[in-house]
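Down below is the structure, laid out as structure tokens.
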Amino acid sequence: MKKKVLLMGKSGSGKTSMRSIIFANYIARDTRRLGATIDVEHSHVRFLGNLVLNLWDCGGQEAFMENYFASQRDNIFRNVEVLIYVFDVESREMEKDMHYYQSCLEAILQNSPEARIFCLVHKMDLVAEEQREEIFRAREEDLKGLSKPLECTCFRTSIWDETLYKAWSSIVYKLIPNVKALESSLKQFAAIVDADEVLLFERATFLVVSHCQRRQHRDAHRFEKVSNIVKQFKLSCSKLAAQFQSMEVRNSVFAAFIDGFTSNTYVMVEMSDPKIPSEATLINIRNARKHFEKLEKVSSSAPSQYQ
Ligand SMILES: Nc1nc2c(ncn2[C@@H]2O[C@H](COP(=O)(O)OP(=O)(O)OP(=O)(O)O)[C@@H](O)[C@H]2O)c(=O)[nH]1
Ligand SMILES: [Mg+2]
Numbered sequence: 020m021k022k023k024v025l026l027m028g029k030s031g032s033g034k035t036s037m038r039s040i041i042f043a044n045y046i047a048r049d050t051r052r053l054g055a056t057i058d059v060e061h062s063h064v065r066f067l068g069n070l071v072l073n074l075w076d077c078g079g080q081e082a083f084m085e086n087y088f089a090s091q092r093d094n095i096f097r098n099v100e101v102l103i104y105v106f107d108v109e110s111r112e113m114e115k116d117m118h119y120y121q122s123c124l125e126a127i128l129q130n131s132p133e134a135r136i137f138c139l140v141h142k143m144d145l146v147a148e149e150q151r152e153e154i155f156r157a158r159e160e161d162l163k164g165l166s167k168p169l170e171c172t173c174f175r176t177s178i179w180d181e182t183l184y185k186a187w188s189s190i191v192y193k194l195i196p197n198v199k200a201l202e203s204s205l206k207q208f209a210a211i212v213d214a215d216e217v218l219l220f221e222r223a224t225f226l227v228v229s230h231c232q233r234r235q236h237r238d239a240h241r242f243e244k245v246s247n248i249v250k251q252f253k254l255s256c257s258k259l260a261a262q263f264q265s266m267e268v269r270n271s272v273f274a275a276f277i278d279g280f281t282s283n284t285y286v287m288v289e290m291s292d293p294k295i296p297s298e299a300t301l302i303n304i305r306n307a308r309k310h311f312e313k314l315e316k317v318s319s320s321a322p323s324q325y326q
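If you're matching positions, the sequence shown starts at 20 in the working numbering and goes up one per residue.
Have a look at this one:
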């Protein structure tokens with residue numbers, strides 16, 4: 020099942036950077052070398068079972084933008100499932116940015132009125148930390164007002180911290196077929212192994228695609244942090260020609276296991292009962308694999324109207 024995702028926004032706002040980090044194993048520093056995108060770069064990303072994201076990274080230079088709205092209008096804006104519009108928070112041309120955003124919404128409304136819309140207020144690292152919340156809230160309000168009658172969901176992002184993972188996890192989560200079945204199985208699994216929390220990461224991107232929490236945790240941003248850290252670690256391993264397979268972190272009151280799970284996922288299990296030996300949890304993870312593999316296959320073969 021292919022889903023067309025449009026990535027738009029003015030030139031230099033950071034579209035290709037984020038795509039390369041999430042889907043092509045770049046680290047943030049590598050993106051300084053990226054050139055401007057010429058016209059549209061297409062990429063297909065296989066994601067959980069048969070979900071394929073068809074990413075259209077649309078170069079944002081004005082000549083290209085004008086072209087998208089005129090001669091390429093049908094081609095670009097037809098059959099869009101998701102529009103991700105990226106704003107550079109430091110842009111000195113806000114009015115022009117908003118004008119292009121509105122033109123984009125008009126074209127979406129005409130050609131793909133069912134599309135979901137996400138706005139990323141990007142490069143937030145350039146804003147002083149104490150001002151981020153306020154600036155983001157003001158932008159969010161403007162964008163929501165401007166988007167009517169369409170609904171948009173806004174995220175603040177930066178390639179220099181975990182906010183990028185939070186935004187993309189939330190976006191991708193909304194596209195995964197059969198996500199409810201996945202969640203209820205994860206809940207069952209967490210209860211059987213008596214875990215505090217279980218997370219499911221997509222294998223290639225390390226985005227969190229499902230989770231089950233059974234005990235309160237004080238850090239609301241832990242998923243994105245773990246995604247970010249483990250992906251960096253995985254990349255470091257591959258530089259040394261080693262392959263990341265699994266990881267166990269523990270102290271006297273806590274143990275966390277990350278392990279390859281199904282062909283498309285890694286699982287992370289957090290435990291706080293010191294009486295449960297690691298081996299027991301690892302065996303439980305191994306035993307659950309078959310069930311989750313089956314679940315992925317079922318969701319791959321289900322007719323599209325049920326997904
Ligand atoms: N400070 C900061 N810089 C960023 C961030 N994201 C991207 N950049 C930088 O912004 C520059 C432009 O990024 P690109 O990803 O090429 O921009 P683009 O939106 O693809 O531009 P076009 O292809 O011309 O439409 C690069 O030098 C990136 O390193 C961010 O979150 N913070
Ligand atoms: Mg680009």
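Think of the CB as a built atom: it goes at the ideal place given N, C-alpha and C, for glycine as much as any other residue.
The DSSP assignment places complete alpha helix (DSSP H) segments of no fewer than 4 residues inside the segment 137-181 at 148-166, in order along the chain. Under a 10 Å Cβ-count criterion, D93 is classified as exposed, with fewer than 16 other Cβ atoms of the shown protein chains found around its own Cβ. Classified as buried, C138 has 16 or more neighbouring CB atoms from the shown chains inside 10 Å of its CB. Taking C-beta atoms as the reference points, Y104 and M27 count as a pair closer than 7 angstroms. The shortest C-alpha to C-alpha distance from K142 to any of N130, C173, F106, M290 is the one to F106. Taking C-alpha positions only, D180 is separated from S246 by approximately 11 angstroms. With the rule of 3 Cβ pairs closer than 8 angstroms, the segment 213-229 counts as touching the segment 276-284. G31 places its beta carbon 7 angstroms or farther from that of I57. It is roughly 5 angstroms from the alpha-carbon of Y45 to the alpha-carbon of S39. Contact check for V99 against K23 passes: the beta carbons are separated by less than 7 angstroms.
Of L145, V140, K167, F225, the smallest CA-CA separation from A157 is found for V140.
Secondary structure of A134 (DSSP, three-state): coil. Taken in chain order, the whole beta strand (DSSP E) runs of length 3 or more contained in the segment 184-230 are 216-221. Taking 4 residues as the minimum length, the alpha helix (DSSP H) runs contained wholly in the segment 74-142 are 81-88, 92-96, 113-130, in order along the chain. Residues of the same chain with a CB within less than 6 angstroms of the CB of E267, apart from the 5 flanking positions on each side, are F276 in chain order. Just measuring C-alpha positions, the residue of S265, I95, E153 sitting nearest C123 is I95. For I41, the enclosing alpha helix (DSSP H) starts and ends at 34-42.
Boundaries of the beta strand (DSSP E) harbouring V268: 265-269, taken from the DSSP string.
DSSP places T281 in the coil class of the three-state scheme, outside both helix and strand. In the structure shown, V245 falls within a helical segment according to DSSP collapsed to helix, strand and coil.
Collapsing the DSSP output to three states places F252 in a helix. For H240, DSSP assigns no beta-bridge partner whatsoever. Its Cα nearest to that of S110, the residue V146 stands out among V146, Q121, I127.
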